[in-house]
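To start, the structure under review is shown below, and the notes come after it.
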Amino acid sequence: MSQQILLKFISLRHLLHEKRTWLTLIGVALGISVFVSIRIANRSVLQAYHQSVDAFAGETTLEIVGRSGPFNERLLIALRKEAAIEKISPLVQSVLPIVEPASAAEEMLLLMGIDLLQEQDFRDYEIQGESDEIEITSAFEKLLDPESIFLTEAFAARHRLKIGDALSVRMGGDVLSFKVAALLKAKDIGQMRDGNIAFLDIATAQWRFGKIGQLDRIDLISDVQLALDGLITQLENRLGDGVLVRRPKQRNRHVEKMLFSFQMNLTALSAISLFVGLFLIYNTLLVSVAHRKKEIGMLRALGVDRPQIFRLFTIEGIAIGLFGGFFGVLMGALLARWVVQVLSTTVTALYVPIPPSPFSLPLPLFVEGIVIGVLVAAFSAIYPAWQAARLKPREAMEGIYSSEETGFKHGKLCVLGSGAGLLAFLLSQMPIRWGMSWNGYLAAALLLAAFSFFVPSTILAFSRGIRYFVRNRAPAWRLAQGHLEQAIRRNAPTISAFMGALAMMVSVVIMIESYRKTVLIWIDQTIQADVIGFPASYMTSDSDESMPDIIRSEIAALDTVEAVDGYRSRIILFRDAPVELAARDLAVHAAHSDYLFRKGSRDRLFQDAIGGTTLFVSEVLANRLELNEGDSIQIPTPQGLIPFQIGGIFYDYGTDGGKMVIDRSQIKKYWQDQQIDALLVYIKEGVDVVSLSQQLRSQWGTRQGLSFTTQRDFKTEIMAIFDQTFLITYALEWIAIVVALLGIANTLFVSILERQREIGILRSIGASQPQVIRIVLAEAVYMGLIGNLIALVCGFFLSLLLIFVINKASFGWTLQFHFPPEILLHSFIVAIGTALLAAFLPARKAARTDLKEAIAYE
Amino acid sequence: MNKSACLPLILAILLFAGSELSQAEPASEPSRFKKALPGYAFSFPRDHGNHPDYLIEWWYFTGNLQSQEGSAYGYELTFFRRGIENKVAEENPSHWAVRDLYLAHFAISDLSNKGFFYDEKISREAIGKAGAKIGKMAVWIDRWSAVQTGDGIRLLADNATMHIDLNLIPAKPLVVHGDQGISRKGDEAGEASHYYSYTRLRTQGTVRVKEKEATVTGLSWMDHEFGSSLLGAGQVGWDWFSIQLDDGSEYMFYQIREENGSNDPVSSATVIDTEGKSRHLSAQEFSLKPTRNWTSPHSGASYPVAWEIAVPSEGLSLTSRPALDDQELMTSQSTRVTYWEGATHFSGQKKGRQVQGKGYVELTGYAQTLKTQD
Amino acid sequence: MIALKKVSKIYPHSTHPVKALNEISLSIDKGSFCLLMGPSGCGKSTLLNLLGGLDLPTSGEILFKGQSTIDFKDSDWTALRRSEIGMIFQFFNLLPMLTAAENVALPMLLRGNPPDLAKQKSIAALDKVGLAHRLDHLPSALSGGEMQRVAIARAMAISPLLLLADEPTGNLDSHTGNEILSLLAAQTKALGLTLLMATHSQQARSFADRIIFMKDSEIERIETRP
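Residue numbers (the numbering used here), protein chains in the order written: chain A, 26 to 883; chain B, 25 to 398; chain C, 82 to 307.
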């Protein structure tokens, strides 16, 4: 008998006619869909990000940026002497909130001031005038007119702007008004920031942004014949250490590294569903082998050989993987639409502005999804297929129960489990370096495997443990307990899969709760200002809007106000990577608020830093750059590199890029920067916070475009952003649970099929339909309980890995471990709820068993 | 930026629209620019330098060169400055604010290989990126420059395919064209320029076209012209000739064509004798007759590239022959003006004697009219 | 005790419906020991299944204690099986993961008897079938005869009025079969219950009050013994 005939007559019929095949298919498809959707979303977001970067860069081969921020334009004079440079394009830019048109109000607009006369060499776009017959004089005037602004077609279309319409943006209380001179027609630039990008002449930009004599960046086109590395060194020597020369791609290397870690975490999480799906196929096939023992025996008797049986089951598994993969990819594509949105929002909130990413299902990802499905299926089919192949024909034909009676070697599994656990422990002890935590992920996988190996022993222990208690309970409990143990081979993988999903859920919840708790403590200790004021655009974007120092003094002069701390944040390039340099009135901060220092006396540290060249470094940055208390570091300023001493290293969970804090006197001194990004207002005792914040709002709010929020609202907002960033994590977890639910349902279905006769007996001796249902449900509850029990322990260890190894390496945060006690209740509810939900259909099927067939043996 | 649609016709403005621009200014805000009026007293080296008080100014160099190996070249290097009037921009303290716009054209005719190459630049001053000095000749955009050096002028220009580095030494004193210090371009007062030339500049240096570099010698011609309005209403273009004859004399002719096809009576010419003495000729004293047209495969424009030139009072009759037909510049990027500017050979009779000569001919306004695009 | 009025059972099939019982009318008195005999496939098991409510007749009516079961729902039959009808099968049909005592106690537990009582009764029932020493053994540790005794004890423990037995000795050797038959006869007599047993066993005839011979889905004849 050839393999084809076997497949056609046997496999196909089983696959098509058995409901549980469909359950498995759905489960596998779901698992793959999650994985695929995350892959698609990650890719779309990265692509959108790169696209925006490329549109910025255009033909640029090198770019120059100031290490301390905007730099002196006279640098160009030196640059022009470099023969290897063919084109130079200086750039001044600002991200500001839109005031007019009203439909775009508070949207952020990236305004790029460029030398419009020579842009054509750098960036590829087309300007659309109002007609083909431009009055030459007016076109020329428009180009350089200080009111002219060039918008993307996408933006103009969205807000129904025509050439000649007004557009204004707000900048620290001033409103800058422009007239639309022309529209830019270009795919790339229109996609960037959703089209919220505008060009104006560099002269206008310098003037209106208050950057006379300064540039934010210079783009270069160099001689293509020359090696860039040599040129970079040559330019750096010529231009001095105030600027950094780099390839446009390098601009985002740092962001990309963080994005990579973030996306890797998501991919790892999405892989859980895949892992659960793997168990599902494994289980389905194992059960299938048990269920079809007689058939296997008959086939063997008819002369089918072992390899053929092996192939039969392997191919059945692969078929499930193939179809599961196919549907999984389709579902993943659907799911990705949502994931892409959420991911863009999260990445924008956490890292860099990402334009809404175009959704696409690239062929490679399509194929990848299916290939993953097939590989997972083939892998999980090996053991069941081997089991089928090694059956002796006579044994196989004897009957159903025999398979369950052979000894189960759970002892060996325990040894394996201990080994895996030990290995996981050793991996977790490796030193932590910033970047992708391979050892962490590997340890997590080993840990999951280790606990899976302990599942059979736990089932036995559990079964024996409850035997006494169920003896005197309703018979359903006793019968279910009996089945649990009897069908251990089938139940163990199901419970493992369920446990894995649940454990990840538990660990992620513990991680997020720990994180949340840590952030809460951090906020409570470091944000003690009663009212916080900032430009309206400050919280949600990369706005460059700031306010003049005079507002701080005005508010500080109110008799209800005790003190005001002015906070200014600038981005500097420290060791070639962007770092937030925060400057604040440390004396005010020390008197009213706090930093959580890693070590050292708080008072002493503040004392050293106030007015001096001692700074504080956030722990994330310290970990990443291996900085320590007492180190002396060179901070780039417009006055050159200035040595600062690291006074304290403080815990900070506000940014992930790392942060340095200096006294505001220093930023005034070295940067001549008097602007403020945020005001932290401390009130006198007995003053009503709400009425003061109302007063501030009415006096400075609308006039200066400032928002004032009370401490409580501010904290709530931070936590809302925090929760938003974990939305996707939760969603992934839930899908893994759903896949596990399908696994349980599947196992119970098979269990019902195998126990028809038993159910018949029960019914014949007076068991009612509800009683039969209860037996099945009871078994599900046991499975849920065992899964939950192991998951809690496994989840606990996993959360340690997540918090202290994976997250620490990926992001650099040290989180305080916090075990939320309610997780015990929640996971119990989820476990039992899921189990009962999964058991519902199988239980109903059991109750409807045809009695006469079930017991007929004539 | 798309080269065909975005940038305005700056040269067109520069050459033709100046008067309109000035006239368009509201009466209450008088132009900051002076008009070229009769009675102007030239003074050197002051007048070699920049005249920011005038709207438009250019420094123009052409020449015919030969290498020792016998290769022949023509070259053109021109710098334009155009003042910009915008009250708001004038308040802008930024160094990038545009007071003047600089443009440059650079062309080489590789006559032995029948190759013609050209390039252009446009720039604002932008902290020394482009500029022109006051009080001496020094004008530049990036690495293209024309700078007075001792008793001569040094020209530098390059791009990926071509390069010149030339030293120009006057063999004759400079010549002021026109009457009373102005060269008339139209009937209105101020429709004129201050215009002088070095008509015979001994030239040596290097020329590179693609990979081939050559040491060259030859003769160049320089024009320096400034004013605030050059063309009057109804004028469509001009034909301009610079001729260096082998008897040591030079001729400059220009005629301004009107919309109705006639020549404007302000067309004129200058004769420079071997001693360097110059004589102004009015439109009635010479004739320029096209004898052959060449139709450009690039723009489709038809240029009269060969001429018959006659100056009865000088006993001069010449025929001109382009050293190469295709010497058309389509300067789409900076100026959007298409014109023909080419090395040209002359031969004929002067007072009964055979004469030969070389020079440059500039033919503008054949490819497009004032306000059209493409 | 039990009466059948023109009871038919037809198993539907698209082309060849199978008539398992054809208009059977029959009445069985309380306390009688009845045998159902006949060749395989004559309808004996179908008849027993109908009487136990495991299957429903296609037409006709079954009366239990004079009461019509025509409107019985599954739950009504379940209630009957819990308290008044016991069933014994050829393959013993014990639950493999339960001990002998648990198997016997199960029906009582299912109907809600307190576990202590159920345990007590199950021990008593096993004692009656001579298995007091085998209480905590799993079925897999019992011999065929022992398993059938457990099944009988399970059926008897609820003190049914009617005992339905489908080939209870079919899987046993003749000696053991005889023991089981004696046990059944003794129990029915002692408790005054009604026993209807489908069997091929000739040994059984000596215990019976009445023998109903079936052939081709119909009753062929009925032998009654004094």
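Virtual Cβ for every residue (Gly too), placed ideally from N, Cα, C.
None of these values were measured; they are calculated from a predicted model.
N-terminal and C-terminal residue of the beta strand (DSSP E) that residue i is part of
| i | result |
| --- | --- |
| T368/B | V361 to K374 |
| T258/A | Unbroken run through T258/A is the alpha helix (DSSP H), L253 to L264; no beta strand (DSSP E). |
| V171/B | W168 to T173 |
| M186/B | M186 to P194 |
| F747/A | Where F747/A is concerned, there is no enclosing beta strand (DSSP E), although the alpha helix (DSSP H) it sits in stretches over Q736 to T750. |
Separation of residue j from residue i, as counted between CA atoms
| i | j | result |
| --- | --- | --- |
| L262/C | A289/C | 10 Å |
| D166/B | V556/A | 54 Å |
| L192/B | K145/B | 22 Å |
| L340/B | V385/B | 18 Å |
| L305/A | S776/A | 15 Å |
| K823/A | M685/A | Checking the displayed sequence, the identity of residue 823/A turns out to be Leu instead of Lys. Approximately 32 Å, taken between the alpha carbons. |
| A616/A | I692/A | 20 Å |
| G52/A | V763/A | 8 Å |
| P50/B | K157/B | Residue placement at P50/B is poorly supported in this model, since its pLDDT is 41, which falls under 50; the coordinates are not used for a value here. |
| D208/C | V312/A | 40 Å |
Within-8 Å CB hit, residue i to chain A
| i | result |
| --- | --- |
| M178/C | yes |
| S46/B | Note that S46/B has pLDDT 38, beneath the 50 cutoff, so the model's placement of it is unreliable and no number is given. |
| D297/C | no |
| N103/C | no |
| S255/C | no |
| A128/B | no |
Rounded distance between the beta-carbons of residue j and residue i, thought under 8 Å
| i | j | result |
| --- | --- | --- |
| I233/C | I169/C | 6 Å |
| I222/A | Q231/A | About 18 Å separates the two Cβ atoms, so there is no contact after all. |
| F622/A | F675/A | 5 Å |
| G465/A | V830/A | 4 Å |
Reduced DSSP category for residue i - H, G, I as helix; E, B as strand; rest coil
| i | result |
| --- | --- |
| W232/A | helix |
| F599/A | strand |
| A207/A | strand |
| G322/A | helix |
| P668/A | strand |
| H119/B | coil |
| M82/C | coil |
| K112/A | strand |
| V290/B | coil |
| G726/A | helix |
| T162/A | Its pLDDT being 44, under 50, T162/A is placed unreliably in this model, and the value from its coordinates should be taken loosely. Here T162/A sits in helix by DSSP. |
| F675/A | strand |
| H617/A | helix |
| Q148/C | strand |
Residue-level contact to chain B via CB, residue i, 8 Å cutoff
| i | result |
| --- | --- |
| R242/A | no |
| W232/A | yes |
Heavy atom of the ligand NAD within 7 Å of residue i beta-carbon
| i | result |
| --- | --- |
| N653/A | With respect to small molecules bound, the structure shown includes none, and the ligand NAD cannot be examined in it. |
Residue i: first and last residue of the uninterrupted alpha helix (DSSP H) it sits in
| i | result |
| --- | --- |
| R411/A | Per the sequence shown, residue 411/A should be read as Trp rather than Arg. Unbroken alpha helix (DSSP H) run through W411/A: L388 to A414. |
| H72/B | Careful: H72/B lies outside any alpha helix (DSSP H) and carries neither H nor E. |
Any C-beta of chain C under 8 Å from that of residue i
| i | result |
| --- | --- |
| I798/A | no |
| G490/A | no |
| S793/A | yes |
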